[in-house]
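Mapping to our numbering: the sequence shown position 61 is 64, numbers consecutive. Think of the CB as a built atom: it goes at the ideal place given N, C-alpha and C, for glycine as much as any other residue. Step one of this worksheet: look at the structure below.
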Amino acid sequence: MLSRRALLGSLAPLPFLSVLPARAAAPLPAVATISILADLVRQTGGDAVALTALVPPDGDAHTYEPRPSDLTTLHGAALLVENGLGLEGWMDRLRGASGFAGVRVEAAAQVTPRHFTEDGRITIDPHAWQDPRNAIRYVQAIADGLTRAAPEQATRWHARAADYAAEIAATDRWIAARIATVPPAKRKIVTSHDAFGYYGDRYGIALHFVEGLSTDDEPSAKDMARLIDDIRAQGIRAVFIENMTDPRLIRAVAHDAHVIVGPVVYSDALSPPGGPADTYLKMLRHNTTAFVVAMQRND
Ligand SMILES: [Zn+2]
């Protein structure tokens, strides 16, 4: 065992260190719950952040089951970015068990949530990122969180956030222009679960879906029959499978309603790297192109 004197001696500054070039600070260890948030953090933090997403690409945040390794990842993180609005029901327990002691950001904290009152109960729609104007609020919250975790880089975080927010705003204008090519009466979409409500509100699109706000809502035979009647009555020509949901329900709907199954769209998770929606902005563009082509064929 080292004596106290030897230990102190070993900690004394070494004279030659002062002539070494200044080393770049190690990347800030950060965790985001879902791949969409991870991309927003990556765009805002750049290579000054070492990022882990808990729910993988194509994964389902509603039904995610944390792995033992998530505890270690969280324990060592300086920043944690969650969506909030009830999306990550599994997060409070995981965070508590991990002993996470870094900065916690609830990305959707400044968003005006969509909500419904059902049987006297208020249900909040967590999918706020599908409106790009909300994503800009997310990015501001992330830049503030990065600043709390590493204040010496505040200028960098806010400059990157402003650049990225401008890109998001440009994408929002692009989407609005694409949707404007579809006559309002044709703006109707059918998806597996109710994940595109903010998108629909933003661009004036009516939404129909098999499941409710969460993928673990089990639709009844009556719900399915009502949706099929709706599709026929509304003259809807295509239904969409989401990347992170079981495709069987929507295939059954397409079969019974005699409509086609459109391309896969991305709602709660990005595609794996190299896929058609491996960043948030690519996801918005991919989904919009798929929706616009299908909506043009509606009655
Ligand atoms: Zn969802």
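By the criterion of a C-beta distance shorter than 7 Å, Asp219 is surrounded in its chain by His65, Thr66, once the five residues flanking it on both sides are discounted.
In this structure, Ile192 and Met298 form a Cβ contact; the two beta carbons are roughly 7 Å apart against a cut-off of 8 Å.
Counting C-beta pairs closer than 8 Å gives three or more between the segment 46-60 and the segment 143-154, which meets the contact rule. Segment contact: the segment 127-137 against the segment 196-210, three or more CB-CB distances shorter than 8 Å; contact assigned. For the 8 Å CB-CB criterion, Ile145 and Leu83 do not form a contact.
Under the Cβ criterion (8 Å, minimum of three pairs), the segment 96-107 does not count as touching the segment 277-290. For Pro276, the CB contacts under 8 Å within the same chain, skipping 5 residues up- and downstream, are Pro60 in chain order. Closest in C-alpha terms to Ala112, from the list Phe119, Ala100, Gly87, comes Gly87. Ranked by how close their Cα comes to the Cα of Ala188, the residues Gly92, Ala157, Asp302, Val262 have Asp302 in first place. Separation of Ala33 and Leu57 (C-alpha to C-alpha, rounded to the nearest whole angstrom) is 11 Å. Close CB contacts of Ala157 within its chain, under the 7 Å cut and outside five residues either way in sequence, are with Thr150 (chain order).
Within the segment 205-263, the runs of beta strand (DSSP E) that reach at least 3 residues and sit entirely inside it are, in chain order, 209-212. Nearest to Ala35 by alpha-carbon distance, out of Met94, Arg205, Ala224, is Met94. Judged by beta-carbon spacing, His258 lies beyond the 8 Å limit of Ile234, meaning their Cβ atoms are not closer than that value.
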